[in-house]
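In the working numbering, the protein residues as written are 8 to 371.
Backbone N, C-alpha and C fix where the C-beta goes; we use that ideal spot for every residue, glycine too.
Everything below concerns the one structure shown next.
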Amino acid sequence: MPVWSMPGSELLRRALIRAGVADAAPWAGDAPAGALLLLRADQVYDASLVKGLAGRPGALLLRPEDGLPVAAHLPAGAEAAPVAAALLAGRPAGDPAFAGLVPARPTDLADLYNKALRKRGNPYLLRLNAGTRGAVEWEMFGGSYKGVTDAITKHVWPRPAFQVVRACAALGITPNMVTFASLILVFVALWLFAIGSWWPGLLAAWVMTFLDTVDGKLARVTLTSTPLGNVFDHAIDLIHPPFWWLAWILGLSAAGMPLAYPVTVGVIVFGGYVAQRLQEGLFLGLYRMEIHVWRRFDSFFRLWIARRNPNLLILSVFTLFGRPDWGMLALAAWTVFGCLEQVVVTVQAGLARRRAPLRSWLEG
Numbered sequence: 008m009p010v011w012s013m014p015g016s017e018l019l020r021r022a023l024i025r026a027g028v029a030d031a032a033p034w035a036g037d038a039p040a041g042a043l044l045l046l047r048a049d050q051v052y053d054a055s056l057v058k059g060l061a062g063r064p065g066a067l068l069l070r071p072e073d074g075l076p077v078a079a080h081l082p083a084g085a086e087a088a089p090v091a092a093a094l095l096a097g098r099p100a101g102d103p104a105f106a107g108l109v110p111a112r113p114t115d116l117a118d119l120y121n122k123a124l125r126k127r128g129n130p131y132l133l134r135l136n137a138g139t140r141g142a143v144e145w146e147m148f149g150g151s152y153k154g155v156t157d158a159i160t161k162h163v164w165p166r167p168a169f170q171v172v173r174a175c176a177a178l179g180i181t182p183n184m185v186t187f188a189s190l191i192l193v194f195v196a197l198w199l200f201a202i203g204s205w206w207p208g209l210l211a212a213w214v215m216t217f218l219d220t221v222d223g224k225l226a227r228v229t230l231t232s233t234p235l236g237n238v239f240d241h242a243i244d245l246i247h248p249p250f251w252w253l254a255w256i257l258g259l260s261a262a263g264m265p266l267a268y269p270v271t272v273g274v275i276v277f278g279g280y281v282a283q284r285l286q287e288g289l290f291l292g293l294y295r296m297e298i299h300v301w302r303r304f305d306s307f308f309r310l311w312i313a314r315r316n317p318n319l320l321i322l323s324v325f326t327l328f329g330r331p332d333w334g335m336l337a338l339a340a341w342t343v344f345g346c347l348e349q350v351v352v353t354v355q356a357g358l359a360r361r362r363a364p365l366r367s368w369l370e371g
C-alpha cells in the first residue's frame, strides 16, 4: 500500500537506514546470523520508534490500540521463523513464539519530548491500508511539524501545505527543489520591496514562507532529509529576513514615502534581528535549552516574536491601509520590544537556575 506515493515497505526501509540498520530486506524465510529486527510492513512507524526498537534487543513492540505485536528485536541466537510467522498472523503477545521477548508500547521505546521539533507527543504507529491512507499521511504530516513556531506556520499553512507536500511526493519533487524555488523568491521579493512594489513583493514573500514550510515537511515525511539540504534550508531562513526589511526602507524612498530617519530604522531592524538571534544562541549556550521552550509563555511569545512571518503580517496589514511606512515603524518598535523581552527572559532564567536546574515545560 503506497504512502506519500511510495510503497510502505520503502518508507520502512528508509526509517531502518536512519536507525543505523543498513541491511534491510523483505522477510524471505531465512535469517542472517546475529541480532535481527522484524517489522510488519503494513504499519507506519515513527522514525524515533524504529530507532528506539533498534536500540532495545529483546523488545516486542505492541500496537497501542489493541496490544497486538507488530515488530520485534530478536537478540543474536534467537529463532526468527516462529516470531516472523506469529507477527504476520497477528497473534497476541502471549503466544509461545514470543516467549522471552519483553512487550513494549511505543511510549516505552521513544521519548515523548522531541527536542529537534520542540514538541511533546506520542510517537505514531499506524495501520496502513486503503481506508487509512489519508489519515496516516495526515498523522505523519502533523508529526513532522514543529511544536513551537510562529502563528502563520502553526495555524495557517498546515492544510494547504499538506496538499502541496502530497503533490510534490507524487510528482517526484525533492525538498531541495522546493528550497531552491524559495531561494529564487527571496531575491524576487527583495527586488520588489526595493522598488516599492509592495503587493507583488508581499505575494512573493508569502509564497516563499509557504514553500519554506513545505520543504521541511516533505523531507521529514518521506525521510529524504540530508545534512546538506538542512544547512541549505536553514542558511536561507537565517540570512534573508533583515535584508528584506532594509529593501523595504529603500522602497519607501522609491515610492515617495521616505522615512524621517531611514538609517536609524535600518539599524534597529537589522541590528535587532541579529541581536535576537545572538540572544537565542546565548540562552542555548548558558542553559542548554532554546529560549522559546523554557516556559509555556515563552512558547506562546514565539508565535508573535519579531521574526519573518509576524513581521510580514505587520507590513501586510499596514500596507492594506495604505501606510507601508507606518508598517516599517511598527516592525522596528516590535523588534525593540522583542529584544528587551528576551533579555528579561535570559535574566529570569539565570535567577531560576540558582534555585533548581532549568527544564522545559514540554518535558512534562
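| Check | Outcome |
| --- | --- |
| Residue(s) in a DSSP beta bridge with TYR3 | As shown, the chain starts at 8 and ends at 371. That puts residue 3 outside it, with no answer to give. |
| Start-to-end residues for the beta strand (DSSP E) that takes in VAL109 | 109-111 |
| Every unbroken alpha helix (DSSP H) inside the stretch 175-228 [4 residues or more] | 182-201, 205-228 |
| Which of helix, strand or coil DSSP assigns to MET335 | helix |
| Spatially closest choice to VAL10 from ALA54, THR326, GLU144, ALA83, by CA coordinates | GLU144 |
| Backbone CA spacing between LYS224 and VAL172 [nearest angstrom] | 7 Å |
| VAL51, enclosing beta strand (DSSP E) - first and last residue | 50-52 |
| Element boundaries [beta strand (DSSP E), containing VAL77] | 76-81 |
| Beta-bridge partners of MET13, as assigned by DSSP | VAL10 |
| Bridge-paired residues (DSSP) for LEU68 | ALA78, ALA111 |
| The alpha helix (DSSP H) enclosing ARG140, as first and last residue numbers | 140-150 |
| Reference ILE191, options ALA111, ALA174, TRP206, VAL214, closest by Cα | VAL214 |
| DSSP-derived helix/strand/coil call for ARG134 | strand |
| Distance, THR181 Cα to ALA174 Cα | 11 Å |
| Residue environment, ASP118, which counts as buried when at least 16 other CB atoms sit within 10 Å | exposed |
| Bridge partner(s) assigned by DSSP for LEU94 | Answer is none; LEU94 lacks a bridge partner. |
| Per-residue DSSP class, three states only, for LEU320 | helix |
| Buried/exposed call for PHE307, threshold 16 Cβ in 10 Å | exposed |
| ARG315 vs PRO248 beta-carbon contact at 8 Å | yes |
| Reference LEU96; option with closest CA among ALA78, GLU17, ARG112 | Note on residue identity: the sequence assigns Ala, not Leu, to residue 96. The candidate whose alpha carbon is nearest that of ALA96 is ALA78. |
| Span of the beta strand (DSSP E), counted from its first residue to its last, around LEU45 | 43-46 |
| Reduced DSSP category for LYS153 - H, G, I as helix; E, B as strand; rest coil | coil |
| Test item: CB-CB of ARG20 and LEU69 under 8 Å | no |
| CB contact flag (THR353, ILE275, <8 Å) | no |
| Completely contained alpha helix (DSSP H) runs for the stretch 245-277, where each covers 4 or more residues | 248-261 |
| Cβ shell of PRO269 (< 6 Å), same chain only, five flanking positions each side left out | ILE256 |
| Beta carbon of TRP301 nearer than 8 Å to that of LEU358 | no |
| Proximity below 8 Å, CB of PRO103 to CB of HIS80 | no |
| Proximity to THR156 [Cα-Cα], best of ILE312, ALA363, ARG362 | ILE312 |
| Test item: CB-CB of PHE200 and GLY258 under 8 Å | yes |
| Cβ contact check for the stretch 82-94 and the stretch 49-60: 3 or more pairs under 8 Å | no |
| Given PRO234 as reference, the closest of MET8, GLU17, MET13, ARG25 once Cα atoms are compared | ARG25 |
| Cβ-Cβ distance between PRO331 and TRP205 below 8 Å | yes |
| Pairwise C-alpha distance: LEU94 and LEU46 | 8 Å |
| CB-CB length for ALA339 against VAL272, believed under 8 Å | 5 Å |
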